[in-house]
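A.B. asks: Sharing a structure below in structure tokens format, with a few things to ask.
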Amino acid sequence: MKVLFDTSVLVASSIREHPFFDWSSTWVKRALRGEVEGFISTHGMAELFAILTAHPKTRFPVAQATQAIEALLRSLQPTALDASDYRAALARTAELKLMGGAIYDVLHAQAFLKAGADSLVTLNAKHFLRLGKDIALKVESPSDLSS
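The following block contains the structure:
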């Protein structure tokens with residue numbers, strides 16, 4: 002099974018105090034053990050670095066954040082978007098009449114499609130459920146976050 006990890010899950014799996022640490026780290030460990038084929042958007046790599054190094058309560062030193070991301074990249078395949086992928090993401094955003102930061106969720110969804118993944122694992126289900134059936138039917142999140 003191919004799984005694209007949203008940044009929210011990777012952040013939660015990196016911070017033991019996070020309320021969804023256990024759920025998130027279980028998914029990440031499945032990728033680390035090779036039980037699932039894990040993917041991360043290249044945009045997600047940058048997002049993860051930004052969050053880990055800027056979060057006010059759990060700020061990682063730059064070197065530690067970089068090491069954590071490098072460790073993940075031993076098991077998660079980066080999925081890069083090209084100009085045609087960005088055009089497709091912009092078209093989806095316009096078609097759905099989404100604005101602002103929604104484009105970043107659409108970019109994760111575009112990477113999910115490009116990777117040919119079976120599941121998009123996220124703690125932000127509502128952000129992805131609105132992006133069309135081709136995405137919504139593949140969203141995996143804790144049951145209390147799915148609605």
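Following the working numbering, the numbering of the sequence shown begins with 2 at its first residue and continues without gaps.
By construction, the Cβ of each residue, glycine as well, lies at the ideal position given by its N, Cα and C atoms.
These figures come from a predicted structure and were not determined experimentally.
Pick helix, strand or coil for residue 148, following the three-state DSSP scheme.
C.D. replies: For the purposes of this step, residue 148 is taken as residue 147 along the sequence shown, with counting starting at 1. Model confidence at residue 148 stands at a pLDDT of 45, short of 50, so the residue's coordinates are unreliable; what they give is reported in the following sentence. It is coil, neither helix nor strand.
A.B. asks: Excluding sequence positions up to five away, which residues of its chain have a Cβ less than 6 Å from the Cβ of residue 148?
C.D. replies: Counting from 1 along the sequence shown, the entry for residue 148 is found at position 147. Residue placement at residue 148 cannot be trusted, given a pLDDT of 45 that sits under 50; what the coordinates show is reported in the next sentence. Taken in chain order, the list of residues that qualify is empty.
A.B. asks: So for residue 52, helix, strand or coil by DSSP?
C.D. replies: In the sequence shown, the residue the question calls residue 52 occupies position 51. In the structure shown, residue 52 sits in a helix (DSSP, three-state: H, G or I).
A.B. asks: With 16 other CB atoms within 10 Å as the buried threshold, where does residue 140 fall?
C.D. replies: By 1-based counting over the sequence shown, the position of residue 140 is 139. Flag for residue 140 reads buried.
A.B. asks: By the 10 Å Cβ neighbour count, where 16 or more other Cβ atoms means buried, how is residue 36 classified, buried or exposed?
C.D. replies: Sequence index remark: in the sequence shown, residue 36 carries index 35 (1-based). Exposed, by the Cβ-count rule.
A.B. asks: Write down the C-beta distance between residue 132 and residue 91 rounded to the nearest angstrom, noting that I regard them as a contact closer than 8 Å.
C.D. replies: Indexing the sequence shown from 1 puts residue 132 at position 131. Indexing the sequence shown from 1 puts residue 91 at position 90. Residue 132 to residue 91, Cβ: 13 Å. No contact.
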